[in-house]
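Trainee: Before I ask anything, let me first share the structure, which is written out below as structure tokens.
There are 2 protein chains.
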Amino acid sequence: MTTQEILIRANEAKTALTLADTARKNQALHRMADALEKPDHRARILEANQRDLEAAKGTISEVMLDRLMLNETRIAGMADGIREVVALEDPVGKVLSETVRPNGMTIRKTAVPMGVIAIIYESRPNVTSDAAALAIKSGNVCVLRGGKEAWQTCHAIVEALQIGLEEAGMPREAVSLIEDTTRVSANELMTAEGFVDLLIPRGGKGLIRSCVEHATVPCIQTGTGICHVYVDRAADPAMALQIVNNGKTSRPSVCNALEVCLVHREAAAAFLPALKETLCEKRQKEGKQPVELRLDAEAAKIIPGTPAKEADFDTEFLDYILGVKIVDSLEEAIEHINRHSTGHSEAIVTADQDAARQFTAAVDSAAVYVNVSTRFTDGGEFGLGCEMGISTQKLHARGPMGLAELCTYKYVICGDGQIR
Amino acid sequence: MTTQEILIRANEAKTALTLADTARKNQALHRMADALEKPDHRARILEANQRDLEAAKGTISEVMLDRLMLNETRIAGMADGIREVVALEDPVGKVLSETVRPNGMTIRKTAVPMGVIAIIYESRPNVTSDAAALAIKSGNVCVLRGGKEAWQTCHAIVEALQIGLEEAGMPREAVSLIEDTTRVSANELMTAEGFVDLLIPRGGKGLIRSCVEHATVPCIQTGTGICHVYVDRAADPAMALQIVNNGKTSRPSVCNALEVCLVHREAAAAFLPALKETLCEKRQKEGKQPVELRLDAEAAKIIPGTPAKEADFDTEFLDYILGVKIVDSLEEAIEHINRHSTGHSEAIVTADQDAARQFTAAVDSAAVYVNVSTRFTDGGEFGLGCEMGISTQKLHARGPMGLAELCTYKYVICGDGQIR
């Protein structure tokens with residue numbers, strides 16, 4: 144089917160999803176999870192995955208190949224992921240506010256599904272089932288456009304999910320996969336006005352950039368994180384070290400990992416040598432990859448390291464690299480962050496309540512931490528139970544997007560003949 | 144100043160606005176209102192308005208000239224409009240949700256200003272002061288781009304507002320007016336990434352269309368309304384007549400006015416003659432402009448009128464014209480509305496609770512009414528106390544946008560050294 148045909152069918156399924164109650168949606172999720180684990184479906188998914196892996200070998204990195212690879216355990220994990228969504232609260236129909244106006248009419252602001260959510264993603268097959276489950280639970284039709292490396296795997300997964308949907312009496316078009324994996328289909332989704340109610344690009348800078356420039360449908364930018372920590376002069380040095388170490392080294396490839404450490408001049412002489420010891424020397428001794436510190440001129444006077452280029456403070460390294468810069472004041476730290484951050488997550492380490500207040504008020508990012516690692520910006524860690532992505536924009540959703548963020552609202556007004 | 148220079152200065156004023164507390168913002172609003180009414184400022188505004196009016200004569204309609212015209216009473220009205228905003232609740236700093244996680248960290252989802260809000264509008268000078276007041280109260284910097292017909296008036300108004308801001312110790316750049324009134328500046332605003340946090344186009348279809356196509360900054364579409372009423376077979380005929388009459392004739396030029404009336408076949412034989420009598424003959428007798436009914440083929444079998452063309456069901460007439468169509472079922476009414484509506488406001492008239500439930504659940508518009516006129520879709524009527532426009536999109540804000548909708552949120556997370 145062409146992308147246009149898929150979108151037309153997806154839109155025809157909208158009303159059924161909007162009207163489905165919680166029990167019906169949960170039943171569909173159970174059937175979808177079961178379908179993934181049925182021996183014949185599972186075999187077909189693994190076969191497809193094998194074909195994808197063979198075609199991709201040599202064209203993508205080992206890390207990417209591992210992300211692409213499925214086995215029985217991973218498929219069981221995907222099914223369990225769907226089942227976990229069953230337990231989450233249904234956001235649809237929630238009355239967000241209710242007022243009775245002087246003329247007697249009642250106004251209820253009510254959460255409703257967006258309609259059709261399109262997701263452009265890359266080579267992780269599990270995004271297919273995760274995104275489908277979150278969309279269904281929030282009453283949305285889901286149109287998936289995966290990367291070409293994972294297409295056969297995604298196709299087999301979607302076929303299984305669709306069988307589950309049908310068994311539960313829901314339209315199979317509630318979840319569909321775009322067949323074309325070239326840029327053409329991505330552009331079609333970006334400009335499918337009237338057919339796509341929300342587009343979520345999950346991918347690298349290039350994809351996000353393309354959406355900002357070309358999308359005429361509503362779009363939420365996700366996932367780019369140049370996250371900062373600011374070690375204040377009133378920081379507990381041990382706590383600061385622990386938070387910087389955790390932010391940088393616990394999982395450098397994710398968007399909530401630290402990329403830049405700002406240190407107050409008064410704290411620098413004691414803190415920087417300890418930082419170097421923990422992130423570089425200690426890790427080397429333990430046989431772990433040491434962190435490369437990229438130092439501004441002032442920091443370089445205190446410890447040895449790579450001299451930082453200007454671009455290093457505007458780069459999402461996603462690697463064992465940390466920019467380090469000395470600042471003269473809290474204000475300079477805030478200004479640096481608001482100038483260089485992608486609006487994802489920033490932290491201050493300080494025992495000074497006033498500094499903490501000023502930092503959280505003035506830093507313009509989705510998540511602002513006081514004495515906590517930036518690594519907590521995550522739907523699960525925030526208690527949302529799930530996550531469709533982390534929004535770095537200010538419109539509609541900011542930070543981790545759970546089920547509520549996949550909904551919009553409508554006003555339902557009831558009366559007995561009121562006119563104006 | 145160039146548009147770029149104005150945007151740079153606006154961004155420099157952001158932090159001061161974000162950090163201003165309610166008392167300071169209210170003081171600024173009082174000074175802004177007072178400044179408008181100071182005799183010398185008022186005289187300068189009226190002089191500027193005179194120059195605008197003379198230049199516009201013959202180039203725009205009488206209605207537009209009247210909208211552009213200011214006098215002492217209208218200026219006093221603008222000042223009072225600003226003072227009314229003082230009384231509204233400050234949305235900034237409101238804790239939208241608060242959780243303590245098992246590891247002891249506290250997560251507060253907190254309402255914060257957007258930052259810089261740009262508004263593109265046309266020839267109504269009062270939008271200048273209204274928009275500025277709403278922006279200031281919600282902690283936002285406001286960049287205004289008015290139409291060329293009203294530019295001198297808007298410029299004099301903004302000068303007065305800026306003096307008020309300075310008197311209150313706020314940066315004058317909190318409110319500014321773009322000097323260029325050509326398309327160039329509109330396009331600059333649409334693509335000013337990093338400088339405009341929210342763009343609100345207030346104007347006709349052409350402007351909205353241009354924003355959808357060209358904007359790379361976050362944007363909220365406002366104001367186009369093809370509003371429908373569906374007269375169900377279980378409708379109270381007198382109530383239906385009253386609601387249709389009010390929706391069409393009380394103020395046809397506004398976006399919440401009715402454009403299309405759908406009538407259930409079983410109700411049509413009795414309802415349509417009454418509709419014609421009230422909207423056409425009775426109005427004619429009273430010396431009022433009669434409504435032109437544009438009838439589909441089935442309606443034309445029952446009453447005389449203009450035959451409807453297909454385009455009549457996709458047109459925002461903003462005039463004494465009403466499309467009339469007979470439908471065979473509630474489902475057909477819902478389907479017609481979801482296909483032809485702009486997502487603004489729709490109403491059902493019915494005594495059947497099930498029909499009402501189905502209609503409100505399935506109609507995909509910002510405001511869905513049961514036995515109430517669509518004319519109530521308005522910030523004031525909804526109890527928001529004000530309105531920056533009526534959003535017809537689903538992302539971020541839907542329906543009337545009050546102060547809360549001019550804010551985003553951030554997560555503020557506090558702990559004592561939590562790492563992941």
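As you go down the protein sequences, you meet chains A and B in turn. Sequential numbering of the first sequence, starting at 144, is according to the numbering used here. Sequential numbering of the second sequence, starting at 144, is according to the numbering used here. Every residue, glycine too, gets a C-beta built ideally from N, C-alpha and C. Every value quoted in this text rests on a predicted model; they were computed, and no experiment measured them.
1) Does DSSP put residue 328 of chain A in a helix, a strand or coil?
2) With 16 as the cutoff for other CB atoms within 10 Å, does residue 518 of chain A come out buried or exposed?
3) Determine the closest residue to residue 359 of chain A out of A:365, A:368, A:348 and A:341, with distance taken between C-alpha atoms.
4) Helix, strand or coil: which one does DSSP assign to residue 422 of chain A?
5) Compute the distance between the beta-carbons of residue 386 of chain A and residue 406 of chain A, then report whether it is under 8 Å.
6) What residue range is occupied by the uninterrupted beta strand (DSSP E) comprising residue 298 of chain A?
7) Leaving out five residues before and five after residue 346 of chain A in sequence, what residues of the same chain have Cβ atoms less than 7 Å from its Cβ?
8) Taking Cβ to Cβ, would you say residue 499 of chain A is nearer than 8 Å to residue 513 of chain A?
9) Among B:208, B:173, B:211 and B:389, which residue has its Cα nearest to the Cα of residue 310 of chain B?
10) Whole-angstrom Cβ separation of residue 255 of chain B and residue 463 of chain B, contact assumed at under 8 Å?
11) Would you please state the rounded distance, in angstroms, between the beta carbons of residue 555 of chain B and residue 511 of chain A? I believe it to be under 8 Å.
12) What residue range does the alpha helix (DSSP H) around residue 220 of chain B cover?
13) State the Cα-Cα distance for the pair residue 474 of chain A and residue 362 of chain A, rounded to the nearest angstrom.
14) Below 8 Å, can you find three or more Cβ-Cβ pairs linking the region 447-458 of chain B to the region 384-401 of chain B?
15) To the nearest angstrom, how far is the alpha carbon of residue 425 of chain A from that of residue 483 of chain A?
16) What residues from the region 526-560 of chain B come within 7 Å of chain A, judged by C-beta to C-beta, listed N to C?
17) One question on the structure: do residue 467 of chain B and residue 404 of chain B come within less than 8 Å of each other, judged by their Cβ atoms?
18) By the three-class DSSP mapping on this structure, what secondary structure does residue 240 of chain B have?
19) Listed in chain order, which residues of the region 333-361 of chain A have Cβ atoms closer than 8 Å to some Cβ of chain B?
20) 8 Å is my cut-off, CB to CB: does residue 250 of chain B come that close to chain A?
21) Helix, strand or coil: how does DSSP classify residue 184 of chain B here?
22) Hey, how far is the Cα of residue 563 of chain A from the Cα of residue 175 of chain B?
23) Can you give me, in chain order, the residues of the region 489-502 of chain A that have a beta carbon less than 9 Å from any beta carbon in chain B?
24) Out of curiosity, what's the CA-to-CA distance linking residue 298 of chain A and residue 343 of chain A?
25) Determine whether the beta carbon atoms of residue 213 of chain B and residue 250 of chain B lie at a separation below 8 Å.
26) Starting from residue 242 of chain A, find everything on chain B with Cβ-Cβ shorter than 7 Å and list it in chain order.
27) Helix or strand or just coil, what does DSSP make of residue 489 of chain A?
28) Do residue 284 of chain B and residue 307 of chain B have their beta-carbon atoms positioned less than 8 Å apart in this structure?
29) Can you tell me whether residue 413 of chain A sits near the ligand MG, meaning its C-beta is under 7 Å from at least one heavy atom of the ligand?
30) Along chain A, in chain order, which residues have C-beta atoms closer than 9 Å to that of residue 393 of chain B?
31) Need the endpoints of the alpha helix (DSSP H) that residue 277 of chain B sits in, please.
32) Per the DSSP calculation, residue 552 of chain B is bridged to which residue(s)?
33) Look up residue 457 of chain B in the DSSP assignment and say whether it is helix, strand or coil.
34) Taking only beta-carbon atoms, is residue 442 of chain A less than 8 Å away from chain B?
35) How big is the Cα-Cα spacing for residue 488 of chain A and residue 520 of chain A?
36) Sorted by chain position, which residues of the same chain lie with C-beta nearer than 7 Å to residue 550 of chain B's C-beta, five sequence neighbours on each side aside?
Mentor: On the basis of the supplied data:
1) For the purposes of this step, residue 328 of chain A is identified with residue 185 of the first sequence, where counting begins at 1. Helix at residue 328 of chain A.
2) The count along the first sequence starts at 1 and reaches residue 518 of chain A at position 375. Burial of residue 518 of chain A is indicated by the presence of at least 16 other C-beta atoms within 10 angstroms of its C-beta.
3) Mapped onto the first sequence, residue 359 of chain A falls at position 216. Closest by alpha carbon: A:341.
4) Position 279 of the first sequence, counted from the start, is the residue given in the question as residue 422 of chain A. Residue 422 of chain A falls in the helix class under three-state DSSP.
5) Residue numbering aside, residue 386 of chain A sits at position 243 when the first sequence is read from its first letter. Residue numbering aside, residue 406 of chain A sits at position 263 when the first sequence is read from its first letter. Cβ atoms of residue 386 of chain A and residue 406 of chain A: not closer than 8 Å.
6) Here residue 298 of chain A corresponds to residue number 155 of the first sequence, with the count starting at 1. Element bounds for residue 298 of chain A: not the beta strand (DSSP E) but the alpha helix (DSSP H), 294-310.
7) Position 203 of the first sequence, counted from the first residue, corresponds to residue 346 of chain A. Cβ neighbours of residue 346 of chain A beyond the five flanking positions: 263, 264 and 265.
8) Counting from one through the first sequence, the residue named residue 499 of chain A turns up at place 356. Counting from one through the first sequence, the residue named residue 513 of chain A turns up at place 370. Contact: yes.
9) The count along the second sequence starts at 1 and reaches residue 310 of chain B at position 167. In terms of CA proximity to residue 310 of chain B, B:173 leads the group B:208, B:173, B:211 and B:389.
10) In the second sequence, counting from the first residue as 1, residue 255 of chain B sits at position 112. In the second sequence, counting from the first residue as 1, residue 463 of chain B sits at position 320. Actually they are not in contact, since the Cβ atoms of residue 255 of chain B and residue 463 of chain B sit about 45 Å apart, beyond 8 Å.
11) One-based indexing of the second sequence puts residue 555 of chain B at position 412. One-based indexing of the first sequence puts residue 511 of chain A at position 368. Contact holds; Cβ gap of about 5 Å.
12) Here residue 220 of chain B corresponds to residue number 77 of the second sequence, with the count starting at 1. From DSSP, the alpha helix (DSSP H) with residue 220 of chain B extends over 215-230.
13) By 1-based counting over the first sequence, the position of residue 474 of chain A is 331. By 1-based counting over the first sequence, the position of residue 362 of chain A is 219. Residue 474 of chain A and residue 362 of chain A have their alpha carbons spaced roughly 33 Å apart.
14) Fewer than three beta-carbon pairs drawn from the region 447-458 of chain B and the region 384-401 of chain B are found closer than 8 Å, and the two stretches are therefore not classed as touching.
15) Position 282 of the first sequence, counting from 1, holds the residue named residue 425 of chain A. Position 340 of the first sequence, counting from 1, holds the residue named residue 483 of chain A. Between residue 425 of chain A and residue 483 of chain A, the C-alpha separation is close to 30 Å.
16) In summary, the residues of the region 526-560 of chain B whose CB is separated from some CB of chain A by less than 7 Å are 526, 536, 537, 538, 539, 541, 542, 551, 552, 553, 554, 555, 556, 557, 558, 559 and 560, in the order they occur in the chain.
17) Reading the second sequence from its first residue, position 324 is the one you call residue 467 of chain B. Reading the second sequence from its first residue, position 261 is the one you call residue 404 of chain B. Yes, Cβ-Cβ distance for residue 467 of chain B and residue 404 of chain B is below 8 Å.
18) Here residue 240 of chain B corresponds to residue number 97 of the second sequence, with the count starting at 1. Three-state result, residue 240 of chain B: strand.
19) Among the residues of the region 333-361 of chain A, those with a Cβ less than 8 Å away from any Cβ of chain B are 336, 340, 341, 355, 356, 359 and 361, in the order of the chain.
20) Numbered from its first residue, the second sequence carries residue 250 of chain B at position 107. Yes, residue 250 of chain B counts as interfacial toward chain A.
21) Translated into the one-based positions of the second sequence, residue 184 of chain B becomes position 41. Residue 184 of chain B falls in the helix class under three-state DSSP.
22) Residue numbering aside, residue 563 of chain A sits at position 420 when the first sequence is read from its first letter. Residue numbering aside, residue 175 of chain B sits at position 32 when the second sequence is read from its first letter. Near 32 Å, if we compare the C-alpha coordinates of residue 175 of chain B and residue 563 of chain A.
23) Residues of the region 489-502 of chain A with a Cβ closer than 9 Å to any Cβ of chain B, in chain order: 490, 492, 499 and 501.
24) In the first sequence, the residue the question calls residue 298 of chain A occupies position 155. In the first sequence, the residue the question calls residue 343 of chain A occupies position 200. Rounded to the nearest angstrom, the gap between the Cα atoms of residue 298 of chain A and residue 343 of chain A is 19 Å.
25) Translated into the one-based positions of the second sequence, residue 213 of chain B becomes position 70. Translated into the one-based positions of the second sequence, residue 250 of chain B becomes position 107. Their beta carbons are not under 8 Å apart, which means residue 213 of chain B does not touch residue 250 of chain B by this criterion.
26) Looking up residue 242 of chain A in the first sequence gives position 99. Neighbours of residue 242 of chain A on chain B, chain order: 526.
27) As a position in the first sequence, residue 489 of chain A is number 346, starting the count at 1. DSSP, reduced to helix, strand and coil, places residue 489 of chain A within a strand of the structure shown.
28) Your numbering for residue 307 of chain B matches position 164 in the second sequence. Your numbering for residue 284 of chain B matches position 141 in the second sequence. Cβ distance not < 8 Å, so residue 307 of chain B and residue 284 of chain B don't count as in contact.
29) Among the ligands in the structure shown, none appear at all, so the ligand MG cannot be discussed.
30) The count along the second sequence starts at 1 and reaches residue 393 of chain B at position 250. Neighbours of residue 393 of chain B on chain A, chain order: 562 and 563.
31) For the purposes of this step, residue 277 of chain B is identified with residue 134 of the second sequence, where counting begins at 1. Its alpha helix (DSSP H) spans residues 269-280.
32) Locating residue 552 of chain B in the second sequence gives position 409, counting from the first residue. Partner(s): B:254.
33) Against the second sequence, residue 457 of chain B aligns to sequence position 314. Note: residue 457 of chain B maps to helix in three-state DSSP.
34) As a first step, residue 442 of chain A must be located in the first sequence, where it is residue number 299. By this cut-off, residue 442 of chain A is not an interface position.
35) Sequence index remark: in the first sequence, residue 488 of chain A carries index 345 (1-based). Sequence index remark: in the first sequence, residue 520 of chain A carries index 377 (1-based). Rounded to whole angstroms, the separation of the alpha carbons of residue 520 of chain A and residue 488 of chain A is 7 Å.
36) Here the question's residue 550 of chain B lines up with position 407 in the second sequence. Result list for residue 550 of chain B: 234, 235, 254, 255, 256, 257 and 281, in chain order.
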